[in-house]
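**Student:** Pasting in a structure now, in structure tokens, and then I'll have a few things to ask.
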Amino acid sequence: MALVAQDMNAVNSVILDRMQSKIPLIPELAGHLIAGGGKRMRPMLTLACARLLDYPGTRHYKLAAAVEFIHTATLLHDDVVDGSDMRRGKKAANLIFGNPATVLVGDFLFSRSFELMVEDGSLKVLKILSGASAIIAEGEVDQLTAQRQIETSEERYLAIIGAKTAALFAAACRISAVVAERNEADELALDAYGRNLGIAFQLVDDAIDYVSDAAKMGKDVGDDFRDGKVTLPVILAYAHGTPEERKFWEAAIIGHLTSDTDLAHATDLLRRHNAIDLTLDRARHFGQRAIDAIAGFPSGKAKAALIETVEFAIARGY
């Protein structure tokens with residue numbers, strides 16, 4: 001954050017400018033989420049990767065804003081799909097403004113992101129970010145069809161998070177190599193860094209959904225459990241569970257057991273089978289792959305910050 005603070009001010013200016021509209025509800029609803037904090041991790045990755053490559057220009061400001069708009073649009077749509085109550089420590093936009101307005105403002109932000117890409121003028125950047133947008137949507141649909149399916153495999157789960165989360169991390173990093181006019185090897189190295197970081201990030205998200213607290217996370221604890229999402233902790237606990245424990249998971253994921261007592265029992269089973277620790281071990285594995293991907297770049301503040309970002313993503317409680 002310190003490394004890219006000045007650049008981030010420029011990105012925030014673009015975000016604030018481009019979320020405006022003569023329809024007052026649009027900036028009001030968009031601002032509810034955008035001003036609600038958030039880590040701004042994806043646009044910061046675009047800025048930090050540009051810094052790693054010693055890019056001296058300013059094209060990446062608009063593109064980092066485009067990345068944040070894509071992310072914000074997906075969050076708005078996710079909250080409608082999931083029926084979420086909280087987002088970033090505040091009441092979810094869909095509860096305040098309603099589902100139709102939330103979906104439509106998400107569409108507006110997607111459209112703004114594509115305007116920013118077109119203004120940049122690079123077909124390659126447009127291909128990377130539009131491709132990532134399509135993959136994210138595919139991942140969300142895949143997750144929806146896997147919902148309440150206790151037999152979901154670890155392989156399918158990793159494919160889902162690779163699409164719905166890691167694709168945008170990868171694209172956010174890769175576009176910096178394009179604007180810096182670096183070779184394909186550098187592009188692919190940054191893509192691999194972002195992709196592996198994104199997988200690690202989501203693995204941690206899915207672990208802390210059971211063991212963090214709402215105040216720290218900014219969203220309700222146990223949302224995944226109540227939504228019947230089969231995440232890696234559940235996959236591992238189910239695989240190692242007794243027949244009785246498996247019956248509990250089957251009933252819970254279908255939606256028959258959703259009380260606070262049921263959530264506490266689920267968390268107890270996850271701990272009993274080390275499912276949280278094993279999930280965090282997987283996160284560390286992908287985190288190391290992210291760090292290894294940028295090994296060939298010269299040492300300095302930017303590289304150190306990118307490594308530290310991986311360490312934060314795994315150690316965080318929110």
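Per UniProt numbering: the sequence shown = residues 1 to 318. Think of the CB as a built atom: it goes at the ideal place given N, C-alpha and C, for glycine as much as any other residue. Quick caveat, the model's predicted, so the values are computed rather than measured.
Once the 5 residues before and after M44 are set aside, which same chain residues still bring their CB inside 6 Å of it?
**Tutor:** The answer, listed in chain order, is V4.
**Student:** Go ahead and pull the three-state DSSP assignment for K91.
**Tutor:** Of the three classes helix, strand and coil, the one that applies to K91 here is strand, per DSSP.
**Student:** Quick test of the definition: if touching needs 3 or more C-beta pairs under 8 Å, does the region 138-152 touch the region 227-234?
**Tutor:** Segments in contact, yes.
**Student:** Do I314 and V204 have their C-beta atoms within less than 8 Å of each other?
**Tutor:** For I314 and V204, yes; Cβs fall inside 8 Å.
**Student:** Verify whether the separation of the beta carbon atoms of V67 and L144 is less than 8 Å.
**Tutor:** Not closer than 8 Å, so no.
**Student:** Got a sec? Which residues, its chain only, sit under 7 Å from R59 by beta carbon, not counting five neighbours each side?
**Tutor:** Contacts found: D120, V179.
**Student:** Between the alpha carbons of I26 and F286, how many angstroms are there, rounded?
**Tutor:** Whole-angstrom Cα-Cα distance: 38 Å.
**Student:** Between the C-alpha atoms of G296 and A172, what's the straight-line distance to the nearest angstrom?
**Tutor:** About 19 Å.
**Student:** Counting only the same chain and skipping the five closest in sequence on each side, list residues whose C-beta sits under 7 Å from that of P233.
**Tutor:** D206, A207, Y210, L270, A275, I276, T279.
**Student:** Return the Cβ separation of L29 and A93 in integer angstroms, given the expectation that the two are a contact with Cβ distance under 8 Å.
**Tutor:** Yes, they are in contact, since the Cβ atoms of L29 and A93 sit about 6 Å apart, within 8 Å.
**Student:** Which complete alpha helix (DSSP H) runs does the region 67-127 hold, if anything under 4 residues is left out?
**Tutor:** With a minimum length of 4 residues, the continuous alpha helix (DSSP H) runs that stay inside the region 67-127 are 93-97, 99-120.
**Student:** Roughly how many angstroms lie between the CA atoms of T258 and R156, to the nearest whole one?
**Tutor:** Near 24 Å, if we compare the C-alpha coordinates of R156 and T258.
**Student:** From the DSSP output, in three-state form, read off F248 for me.
**Tutor:** Reduced to three states, the DSSP call for F248 is helix.
**Student:** Exposed or buried, which one is M41 when buried takes at least 16 other CB atoms within 10 Å?
**Tutor:** When all chains shown are included, M41 counts as buried.
**Student:** Does the separation of the CB atoms of M187 and A163 fall below 8 Å?
**Tutor:** Residue identity check: residue 187 is Glu in the sequence provided, not Met. Their beta carbons are not under 8 Å apart, which means E187 does not touch A163 by this criterion.
**Student:** According to the neighbour-count rule (16 or more other Cβ atoms, all chains shown, within 10 Å of its Cβ), is residue 320 buried or exposed?
**Tutor:** As shown, the chain starts at 1 and ends at 318. That puts residue 320 outside it, with no answer to give.
**Student:** Given a threshold of 16 other Cβ atoms within 10 Å of its Cβ, counted over all protein chains shown, does G83 qualify as buried or as exposed?
**Tutor:** Per the 10 Å Cβ criterion, exposed.
**Student:** Counting along the chain, where does the alpha helix (DSSP H) carrying E181 start and finish?
**Tutor:** Looking at the DSSP string, E181 is not in any alpha helix (DSSP H), and its letter there is neither H nor E.
**Student:** How would you call L33, buried or exposed, if buried means at least 16 neighbouring beta carbons within 10 angstroms?
**Tutor:** Flag for L33 reads buried.
**Student:** Can the beta-carbon of D85 be found closer than 8 Å to that of L95?
**Tutor:** Contact: yes.
**Student:** Going by C-alpha to C-alpha distance, which of A50, R289, F201 sits closest to R174?
**Tutor:** Closest option to R174, Cα to Cα, is A50.
**Student:** Would H265 and F248 be called neighbours here (beta carbons separated by less than 8 Å)?
**Tutor:** Yes, these two residues count as a Cβ contact at 8 Å.
**Student:** Since L52 and A64 are thought to touch, with beta carbons under 8 Å apart, how far apart are those beta carbons, to the nearest angstrom?
**Tutor:** That belief does not hold up - the Cβ atoms of L52 and A64 are roughly 14 Å apart, past 8 Å.
**Student:** Rounded to the nearest angstrom, what separates M117 and G194 at their Cα positions?
**Tutor:** About 20 Å.
**Student:** Give the single residue among K301, S299, T309 whose Cα lies nearest to the Cα of Q288.
**Tutor:** Ranking the options by Cα distance to Q288, first place goes to T309.
**Student:** Apart from the five residues on each side of it in sequence, which residues of its chain come closer than 6 Å, Cβ to Cβ, to I160?
**Tutor:** Once the five neighbours on either side are set aside, the close Cβ partners of I160 are G139, D142, Q143.
**Student:** Find out if the Cβ-Cβ distance for the pair K301, I294 is shorter than 8 Å.
**Tutor:** Taking 8 Å as the Cβ cut-off, K301 and I294 do not qualify as a contacting pair.
**Student:** Any idea what DSSP makes of I23, helix, strand or coil?
**Tutor:** In this structure, I23 counts as coil in the three-state DSSP scheme.
**Student:** With DSSP as the reference, label T258 as helix, strand or coil.
**Tutor:** Three-state result, T258: coil.
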